[in-house]
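What follows is a set of notes on a single structure, which appears directly below.
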């Protein structure tokens, strides 16, 4: 069995978030890129981690923390859908709001799981 196969879904979710946080820190520590590009890449890392977390969640999580993670991801999806439906917002503002929703969800889930 693989190393991840021996770990519980909760441990795998935590691992995914820790890896993403490390990748985000590396962007700051070892990079000479502009702040805007660094921020864009950080959101990309967070989106990928949240997608990975979503894939690790069982259909009906038995663990209360995993259920809360699933709920937060659903709230994020709902907010992003509402944002996509808005017609009174410019594309740049929409992108900034999308980034903010992603960042807040990532941070909320990390906090929920005691990572940070």
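Residue numbers (the numbering used here): 1441 to 1556. Beta carbons are placed, not taken as given, at the ideal position from N, Cα and C, and that holds for glycine. Note that this is a predicted model, so its numbers are computed, not measured.
Since residue i is in the alpha helix (DSSP H), which residue starts that stretch and which ends it?
| i | result |
| --- | --- |
| residue 1498 | Unbroken run through residue 1498: none, as it is neither H nor E. |
| residue 1451 | 1449-1469 |
| residue 1534 | 1531-1552 |
When every heavy atom of the ligand HEM is checked, does at least one fall within less than 7 Å of the C-beta of residue i?
| i | result |
| --- | --- |
| residue 1512 | With respect to small molecules bound, the structure shown includes none, and the ligand HEM cannot be examined in it. |
Between the C-alpha atoms of residue i and residue j, what's the straight-line distance to the nearest angstrom?
| i | j | result |
| --- | --- | --- |
| residue 1467 | residue 1459 | 13 Å |
| residue 1462 | residue 1532 | 28 Å |
| residue 1550 | residue 1493 | 11 Å |
| residue 1540 | residue 1491 | 16 Å |
| residue 1502 | residue 1474 | 43 Å |
| residue 1516 | residue 1546 | 10 Å |
| residue 1535 | residue 1514 | 19 Å |
Please say whether residue j and residue i have beta carbons closer to each other than 8 Å?
| i | j | result |
| --- | --- | --- |
| residue 1542 | residue 1477 | no |
| residue 1456 | residue 1489 | yes |
| residue 1512 | residue 1479 | no |
| residue 1553 | residue 1538 | no |
| residue 1529 | residue 1454 | no |
| residue 1497 | residue 1510 | yes |
_Given 8 Å, three or more beta-carbon pairs between the region 1504-1512 and the region 1448-1458_ = yes
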